[in-house]
Amino acid sequence: MLKGAGAAGLAGLAGCTGGGGSDTLEVLHGWTGGDGADAADALFSAFEDEHSDIDFNENPIGGGGNENLDQTVANRLQGGNPPSSFAGWPGANLEQYGDAVGDIESEVWDEAGLKEAHVQEAVELCEYNDGFSAVPLGSHRLNDLFYNVGVLEDAGVDPESIDSADALIDALDAVESETDATPFAFSLAPWCILQTWAQTMLGEHGYEAYTNFIDGNGDEAAVRDTFEKLEQILGYINSDAASVDFTEVNQDIMSGDAAFIHQGNWAAGAYLSPDRDLTYGEDWDAIRYPGTEDYYTLHIDSFIYPSDNPTPEDTATWLQFVGSEEAQVAFNQYKGSIPTLTDVSTDEFNPYLTDTIDDFDNAAEKPPTLAHGLAVDTSTQADLEDVLNNNFADPYDVDGATSGFMDSV
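The working numbering puts the first residue of the sequence shown at 433, with every later residue one more than the last.
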C-alpha cells in the first residue's frame, strides 16, 4: 500500500528516520513458548504470504515477561543497530526509548486509516511525542482468573460465588483440603506478583483507589490491606513457585494438577492451541478476578518503530499489515487476545474470545495494567518489582512492601 503513495511520501519517511543500509526487514518478538508461539507463526506466515517480495527475518527472543527481548532491544538501540521493528508495549512503556523511536503517523496511521479503525484506547496508547510510534496488534485482559473445571468440581467450589478476596481464599482452602491439586498455580517472578497485587487492589478497593495509587496519591491503608490479602492467597501456591515461570505452572491447569491461575488472557493462548484437546467451559474456564467483574484491565500488544530505521519502506508496510484485519485475526485467535480493530469478523474466534470482546465493549472501566508499561513508566515499574523482590517473595514483609510501594509511586 505504501508503494502506491508515491516518491514524495517515501522521501518524507526516509528523512524522518535517518534511513539504513539493510535490505532485510528484521522483526524482533518474544513469543517463543506456550503463550504465543502459534500466534506468532500465524501472524508472520500471513505477512509472508501477502508480501512475498519482501526479504523478511523473524527474530524470536525467548524469556518470560519480555525481559530478554527488552534487553536485546535496548542493546541494539544503544549500539546504533536497531531492528526494523520490535514487539513491545505502548503507553508509558514508550517513554524509555526517547528519540530512539520515530513517528509513523503519516506513513502508517494516516495512510492505512488506522485512527478510525481501532478502539480509542489503543489509538491513544500508541501516541508518543506528538505523533505515533507504535501500531496495536491486540488487546489482553489482565483480570481473568482461569481454572480447571474438574478440579473445582472435585473440591465442591462454585466459581460464580467467588466475588471477593476472602471468597477466593475460602475456595483455595477447599481445593487444598478436598483434592491433591495445587490451589493457586503461581510464579514468584516480580512481574507476576505485581500483576496479581494490582488486581487484588482493584478488586478489593475499586477503580478510584487503583488509579489514585498509579497517580501517586495512593491510600496507604488500601495498599497495606491489599498486601495482607495477597499474602494469604500466596499461602496456597506451588512449592516450586520461586523457580518456575508462568508457562510451566500454566501446564498444571491444563493437566488438572492445579485449580486456579491468575494471568492475562495470554494464558488462554495455551488452552486454545490446535495441539491441545481442551474445551472452553468443559475442561477450563475463567471468571473475572474477584471484585473486578465490571472492569477490563487493559493491556495492549503492539509493534514499535525505531527512528533510525534500516528498512523504512518495508517497515511501514509491515506496520500497516499489523494494523489490518488479516493480521489481527491471524494473531489473536491463537494468542488469547482480541483485535483492537472495531469492525472485524469474529468467525475465526472461539467462544472465550467472543465473550472477551463483549466484555470489552460493555466494561464500566478499563484501568491500564500496572505490570506491563501502560500505567507507569518503566523506571517506576522496576522500582515496584524491586520492592516485591526484596520484601514480598517469601518471606512476606507487609510493612516493607507497603512503604516501598508508596515511595515508588
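Heads up, the beta-carbon is just placed ideally off N, CA and C, and yes, glycines get one too.
Owing to the predicted nature of the structure, the values given are computational and were not obtained by experimental measurement.
Mark residue i as exposed unless 16 or more other C-beta atoms lie within 10 angstroms of its C-beta, in which case mark it buried.
i: Asp746; result: buried
i: Gln510; result: exposed
i: Gly588; result: exposed
i: Ala653; result: exposed
i: Ala673; result: buried
i: Ala549; result: buried
i: Ser517; result: buried
i: Ala796; result: exposed
i: Asp375; result: The chain is shown from 433 up to 841; residue 375 falls before or after that span and cannot be answered.
i: Ser777; result: exposed
i: Gln813; result: buried
i: Asn741; result: buried
i: Glu636; result: buried
i: Asn823; result: buried
i: Ser571; result: buried
i: Thr786; result: exposed
i: Gln503; result: exposed
i: Thr788; result: buried
i: Gly453; result: Any reading at Gly453 is ruled out, since the residue's pLDDT is 45, under 50, leaving its predicted position unreliable.
Indicate whether residue i and residue j have their beta-carbon atoms separated by less than 9 Å.
i: Leu600; j: Ile665; result: yes
i: Ile669; j: Leu620; result: yes
i: Leu546; j: Ser734; result: no
i: Arg573; j: Gly696; result: yes
i: Gly520; j: Val540; result: no
i: Glu758; j: Glu482; result: yes
i: Ala762; j: Leu457; result: no
i: Pro522; j: Ala554; result: yes
i: Tyr828; j: Glu663; result: yes
i: Leu604; j: Pro591; result: no
i: Asn489; j: Tyr721; result: no
i: Ala472; j: Thr464; result: yes
Going by alpha carbons, who is nearest to residue i out of the options?
i: Thr729; options: Ala474, Trp629, Ala478; result: Trp629
i: Val841; options: Gly534, Gly650, Ile770, Phe479; result: Gly650
i: Tyr703; options: Gly638, Ser769, Tyr737; result: Ser769
i: Gly805; options: Val676, Asn821, Gly713, Glu817; result: Glu817
i: Ile732; options: Glu556, Phe476, Tyr828; result: Glu556
i: Asn682; options: Asp485, Phe578, Ser538; result: Phe578
i: Glu610; options: Phe479, Ala691, Glu725; result: Ala691
i: Pro738; options: Ala718, Glu680, Ala532; result: Ala532
i: Ala699; options: Thr711, Phe678, Gly713; result: Phe678
i: Phe479; options: Glu680, Glu585, Gln760, Asn500; result: Gln760
i: Thr855; options: Ala825, Ser571, Phe792, Leu460; result: What is shown of the chain runs 433 to 841, which leaves residue 855 out entirely.
i: Asn491; options: Asp455, Ala825, Leu460, Glu680; result: Leu460
i: Glu585; options: Trp716, Trp750, Gly495; result: Trp716
i: Val819; options: Cys558, Phe659, Gly495; result: Phe659
i: Asp826; options: Ala597, Ser675, Leu501, Ser596; result: Ser675
i: Thr743; options: Glu499, Thr786, Asn513, Gln503; result: Asn513
i: Gly530; options: Ile736, Ser477, Met686; result: Ile736
i: Cys558; options: Met686, Gly755, Glu680; result: Gly755
i: Gly495; options: Glu680, Asp562, Asp790; result: Glu680
i: Ala718; options: Asp707, Pro706, Met686; result: Met686
For the putative contact between residue i and residue j, defined by C-beta atoms under 8 Å, what is the C-beta separation to the nearest angstrom?
i: Ala617; j: Asp709; result: That pair is no contact at about 20 Å.
i: Gly468; j: Lys767; result: 6 Å
i: Ser565; j: Ile536; result: 7 Å
i: Gly534; j: Ile493; result: That belief does not hold up - the Cβ atoms of Gly534 and Ile493 are roughly 21 Å apart, past 8 Å.
i: Ala597; j: Lys661; result: 4 Å
Output needed for residue i: all residues of its chain with C-beta closer than 7 Å, excluding positions within five of it in sequence on either side, in chain order.
i: Val551; result: Thr772, Thr774
i: Ala807; result: Ala524, Ile646, Pro800, Thr801
i: Asn821; result: Pro622
i: Asp815; result: Ser840
i: Asp631; result: At residue 631 the sequence reads Gln, which differs from the Asp that was named. Excluding sequence neighbours, Gln631 sits near Leu574, Asn575, His694, Tyr721, Thr724, Thr729.
i: Gly563; result: Asp535, Glu537
For residue i, which residues of its own chain have a beta-carbon under 8 Å away from its beta-carbon, when the five flanking residues on both sides are left out?
i: Thr810; result: Ala524, Asn525, Glu527, Gln528
i: Gly688; result: Asn580, Gly582, Val583, Ala613
i: Val655; result: Met633, Phe645, Thr834, Phe837, Met838
i: Tyr727; result: Asn575, Leu634, Tyr639, Arg720, Ala795, Ala796, Glu797, Lys798, Pro799
i: Gly648; result: Val841
i: Gly713; result: Val581, Pro783
i: Glu608; result: Pro615, Tyr668
i: Asn477; result: A small correction: the amino acid at residue 477 is Ser; Asn does not occupy that position in the sequence shown. Around Ser477: Ala762.
Within its chain, find whatever has a CB closer than 6 Å to the CB of residue i; leave out the 5 residues flanking it on each side and keep chain order.
i: Gln765; result: Glu780, Phe781
i: Ile486; result: Leu457, Asp746
i: Asp455; result: Asp487
i: Ser538; result: none
i: Leu501; result: Gly462, Ile493
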